[in-house]
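Novice: For what it's worth, our numbering labels the leading residue of the sequence shown as 2, then goes sequentially. My structure is below; once you've seen it, I'll send some questions.
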Amino acid sequence: QQGQRPDRGTSRALEDGASPTLRDLTEVLHFALGDGRIWLNDQRMVLMQSLVLGRLRAEIIDAFGFETARAIFMRVGFMQGVRDAELISQRFPQDDLTRALAAGPRVHTLEGFVKVTTKHFEFDRTKGTYY
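Structural data, given as structure tokens:
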């Protein structure tokens with residue numbers, strides 16, 4: 002049925018240049034120099050030196066211990082993924098969940114965390130599996 006997302010999908014079904022591309026994403030990145038803010042669509046972003054972020058990580062580990070720090074960073078990472086997914090679904094709405102899931106690594110790349118190269122992914126919403 003038109004308008005419904007498929008229950009299953011795989012990265013093999015993607016064509017090159019599936020939206021949103023990195024170019025599409027950079028078009029919604031704005032530096033508001035007048036008020037000192039950075040926006041990715043409607044989400045405020047922060048540009049931070051990775052060395053400083055690494056120091057913050059070390060301080061959290063020292064203060065709370067490795068296991069608690071790991072739990073904190075897992076929750077922060079999860080929230081980052083949730084917000085990235087909100088960006089994709091709001092700014093680039095589409096019925097194809099395969100394309101939407103493929104957009105996540107592109108956002109991660111744009112945000113400067115890592116250059117992601119997806120080798121393969123697949124999902125089955127009925128089974129609740131996402132790999």
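All C-beta atoms in this analysis are idealised placements derived from N, C-alpha and C, irrespective of residue type, glycine included. Quick caveat: nothing in here was measured; it's all calculated off a predicted structure.
For Ile-61, which option in Thr-127, Phe-74, Glu-87, Tyr-132 has the closest C-alpha, if you only look at C-alpha atoms?
Specialist: For the residues Thr-127, Phe-74, Glu-87, Tyr-132, the minimum Cα distance to Ile-61 belongs to Phe-74.
Novice: Determine the DSSP secondary structure at Gly-105, reduced to helix, strand or coil.
Specialist: Here Gly-105 sits in helix by DSSP.
Novice: Straight-line CA distance for Gln-3 to Thr-130?
Specialist: Note that Gln-3 has pLDDT 47, beneath the 50 cutoff, so the model's placement of it is unreliable and the number below is only indicative. For Gln-3 and Thr-130, the distance between alpha carbons rounds to 23 Å.
Novice: DSSP three-state call for Glu-123: helix, strand or coil?
Specialist: Note: Glu-123 maps to strand in three-state DSSP.
Novice: By how many angstroms is the C-alpha of His-121 removed from the C-alpha of Glu-28?
Specialist: So the alpha carbons of these two residues sit roughly 27 Å apart.
Novice: According to DSSP, is Leu-48 helix, strand or coil?
Specialist: Reduced to three states, the DSSP call for Leu-48 is coil.
Novice: In three-state terms, what does DSSP make of Phe-32?
Specialist: If DSSP states are grouped into helix, strand and coil, Phe-32 belongs with the strands.
Novice: Nearest-angstrom Cα distance between Thr-22 and Arg-126?
Specialist: Distance between the alpha carbons of Thr-22 and Arg-126: 24 Å.
Novice: If we count the other Cβ atoms within 10 Å of its Cβ and call it buried at 16 or more, is Val-108 buried or exposed?
Specialist: It is buried - the Cβ of Val-108 has at least 16 other Cβ atoms within 10 Å.
Novice: Between which two residues does the alpha helix (DSSP H) holding Gly-78 run?
Specialist: Where Gly-78 is concerned, the enclosing alpha helix (DSSP H) stretches over 67 to 92.
Novice: Would you give the residue range spanned by the alpha helix (DSSP H) that Thr-27 belongs to?
Specialist: Thr-27 -> alpha helix (DSSP H) spans 23 to 27.
Novice: For Gly-78, count neighbouring C-beta atoms within 10 Å of its own C-beta (all shown protein chains included) and say buried if the count is 16 or more, exposed if not.
Specialist: By the neighbour-count rule (16 or more Cβ atoms within 10 Å), Gly-78 is not buried but exposed.
Novice: Name the DSSP bridge partner or partners of Gly-10?
Specialist: Looking at the DSSP assignment, Gly-10 forms a beta bridge with Phe-124.
Novice: Which residues bound the beta strand (DSSP E) around Leu-41?
Specialist: First-last of the beta strand (DSSP E) with Leu-41: 38 to 41.
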